[in-house]
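The structure under discussion appears below in the form of structure tokens.
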Amino acid sequence: MGVKRVLNFNAEQQQIRESVLKICSRFDEHYWLARDTDGVFPEDFCRALADDGWLGIAMPEEVGGSGYGITEAAIMVQAISESGAANSGVSAVSLPLFGVNPVAVFGTPEQKQRMLPPILNRTDIACFGVTEPNTGLDTTRLKTQATRKGDYYEVHGQKIWTSTAQVANKIMLIARTTPESSTKRPIDGLSLFFTDLDRNCVEIRKIEKMGRKCVDSNQVFIDGLKIPVEDRIGEEGKGFKYLLHGLNPERILIAAGLVGLGRVALKRACEYAKTRIVFDRPIGQNQ
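FYI, in numbering that gives the first Met the number 0 the residues of the sequence shown are 0 to 286.
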């Protein structure tokens, strides 16, 4: 039999949960139903969290973050989802929580100060350009090319399922800077960039989907996007390693959000079972 492990929040972690739930209580099920109907991005929800400093919960204090770890970020995400915001609320704020972590870990001091505070206070909104149509989750096989030309890179390629690109002005982008045939391993020769989403060189097409309507998903076509060398994160060709510092926390935070969603679903189902009367008795008594 497996070992059961119970994680008890300390007082500070419990305060994080309660504070986030208090903010989320201003955005009830009627708010999220409206967003799921009209498809309008929940920027007012994002700004409410940003105004109280929660978007920087796992970012370094020197750039305006709180300096907490992945546990506290997971507590926050679970609270957001459990409030009724579900996947829409989590997806709307996920990139500041984990997507820009490669900048926090591998960026230069100048990059951290230039790139991170605007993300945390919502001056900038970023999207995550990783997945491609013909590579799926196999990031090492991506085809988007970034060719260095002096003090900038020129990028051509395509991304898909890029969330929030409709409202973003920045993009965390991974592209191949060395042909795979010239590298020892497929993970080599990929470089990571955090740069302006220049719509003169980028076409963004929204993908219609069944759920999470207010957080857009997109096809992104890149044709000649120029990225300054100073927007490259870390060394050229080591971008896959850096990217994992965004993708690995993502897995944990998504799981935390789904736990929150499961908890609120169970809670509401139990409440309904107590009040739904069939044949003169609550249906919960049939259990």
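Ideal Cβ positions, reconstructed from N, Cα and C, are used throughout, including at glycine.
Delimiting residues of the beta strand (DSSP E) encompassing PHE127: To locate residue 127, count along the sequence shown from 1; it is residue 128. For PHE127, the enclosing beta strand (DSSP E) has its first and last residue at 125-128.
Simplified DSSP state of GLU249, which is helix, strand or coil: For the purposes of this step, residue 249 is taken as residue 250 along the sequence shown, with counting starting at 1. Assigned with DSSP and collapsed to three states, GLU249 falls in helix.
Coil, strand or helix - ARG262 by DSSP: Start at 1 with the first residue of the sequence shown, and residue 262 comes out as number 263. ARG262 falls in the helix class under three-state DSSP.
Residues near GLN112 in its chain [Cβ-Cβ closer than 7 angstroms; skip 5 each side]: Position 113 of the sequence shown, counted from the start, is the residue given in the question as residue 112. For GLN112, where only same-chain residues beyond five positions count, the Cβ hits under 7 angstroms are VAL62.
DSSP-derived helix/strand/coil call for PRO41: Numbered from 1 along the sequence shown, position 42 holds the residue referred to as residue 41. Note: PRO41 maps to coil in three-state DSSP.
CB contact flag (GLN13, ALA255, <9 angstroms): Within the sequence shown, the letter at position 14 stands for residue 13. Within the sequence shown, the letter at position 256 stands for residue 255. Their beta carbons are not under 9 angstroms apart, which means GLN13 does not touch ALA255 by this criterion.
Identity of the residues DSSP links to ASN86 by a beta bridge: To locate residue 86, count along the sequence shown from 1; it is residue 87. Within the DSSP bridge table, the entry for ASN86 names no partner.
Beta-bridge partners of SER216, as assigned by DSSP: Here residue 216 refers to the residue found at position 217 when the sequence shown is read from its first residue. Partner(s): SER162, ILE206.
PRO132 beta carbon less than 9 angstroms from that of GLN110: In the sequence shown, residue 110 corresponds to position 111, counting from 1. In the sequence shown, residue 132 corresponds to position 133, counting from 1. Taking a C-beta distance under 9 angstroms as the contact criterion, GLN110 and PRO132 do not qualify as a contact pair.
From GLY223, ALA33, GLY38, residue whose alpha carbon lies closest to that of ASP197: Looking up residue 197 in the sequence shown gives position 198. Cα-wise, what sits closest to ASP197 is GLY223.
Status (buried if at least 16 other CB within 10 Å, exposed otherwise) for SER65: Walking along the sequence shown from the start, residue 65 turns up at place 66. The residue in question, SER65, is buried, as its Cβ has 16 or more Cβ neighbours within 10 Å.
Cα-Cα separation between GLY106 and GLY128, rounded to whole angstroms: Here residue 106 refers to the residue found at position 107 of the sequence shown. Here residue 128 refers to the residue found at position 129 of the sequence shown. Each residue's Cα considered, the two are about 18 angstroms apart.
Contact belief for LEU119 with ALA49 at Cβ below 8 angstroms, rounded distance in angstroms: The residue given as residue 119 occupies position 120 in the sequence shown. The residue given as residue 49 occupies position 50 in the sequence shown. Contact holds; Cβ gap of about 7 angstroms.
Opening and closing residue of the alpha helix (DSSP H) in which THR70 lies: Counted from its first residue, the sequence shown places residue 70 at position 71. Note, THR70: alpha helix (DSSP H), 69-79.
Whether GLN193 touches VAL102 by CB criterion (9 angstroms): Here the question's residue 193 lines up with position 194 in the sequence shown. Here the question's residue 102 lines up with position 103 in the sequence shown. According to the sequence shown, residue 193 is Phe rather than Gln. Cβ atoms of PHE193 and VAL102: closer than 9 angstroms.
Residue burial classification, ASP123 (beta-carbon count within 10 angstroms, cutoff 16): Position 124 of the sequence shown holds residue 123. Flag for ASP123 reads buried.
Span of the beta strand (DSSP E) around GLN144: By one-based count along the sequence shown, residue 144 stands at place 145. It spans 144-148 - the beta strand (DSSP E) in which GLN144 sits, taken as one unbroken run.
Exposed unless 16 or more other CB atoms sit within 10 angstroms - verdict on CYS45: What you label residue 45 is simply residue 46 of the sequence shown in a count that begins at 1. Per the 10 Å Cβ criterion, buried.
Limits of the alpha helix (DSSP H) - the one that LYS21 falls within: Locating residue 21 in the sequence shown gives position 22, where the first residue counts as 1. Following the DSSP letters along the chain, one finds LYS21 inside the alpha helix (DSSP H) bounded by residues 10-23.
Helix, strand or coil at SER190 according to DSSP, with G and I counted as helix: Within the sequence shown, the letter at position 191 stands for residue 190. Three-state DSSP puts SER190 in a strand.
Option nearest LEU96 by Cα separation, candidates CYS126, THR163, GLY55, LEU243: Position 97 of the sequence shown, counting from 1, holds the residue named residue 96. Residue GLY55 is the option with its Cα nearest to LEU96.
Residue interval of the beta strand (DSSP E) (run including LEU172): In the sequence shown, counting from the first residue as 1, residue 172 sits at position 173. From DSSP, the beta strand (DSSP E) with LEU172 extends over 169-175.
Separation of PRO108 from LEU252, as counted between CA atoms: Position 253 of the sequence shown, counted from the first residue, corresponds to residue 252. Position 109 of the sequence shown, counted from the first residue, corresponds to residue 108. Looking at the two C-alpha atoms, the distance is approximately 26 angstroms.
Check whether LYS212 and ASP51 have beta carbons under 9 angstroms apart: Within the sequence shown, the letter at position 213 stands for residue 212. Within the sequence shown, the letter at position 52 stands for residue 51. Cβ atoms of LYS212 and ASP51: not closer than 9 angstroms.
Three-way DSSP call (helix, strand, coil) for GLN157 in this model: Start at 1 with the first residue of the sequence shown, and residue 157 comes out as number 158. In the three-state reduction of the DSSP assignment, GLN157 falls in the strand class, which pools E and B.
Beta-carbon gap between ILE226 and LEU172 smaller than 9 angstroms: Reading the sequence shown from its first residue, position 227 is the one you call residue 226. Reading the sequence shown from its first residue, position 173 is the one you call residue 172. With a cutoff of 9 angstroms on beta-carbon distance, ILE226 and LEU172 are scored as near each other.
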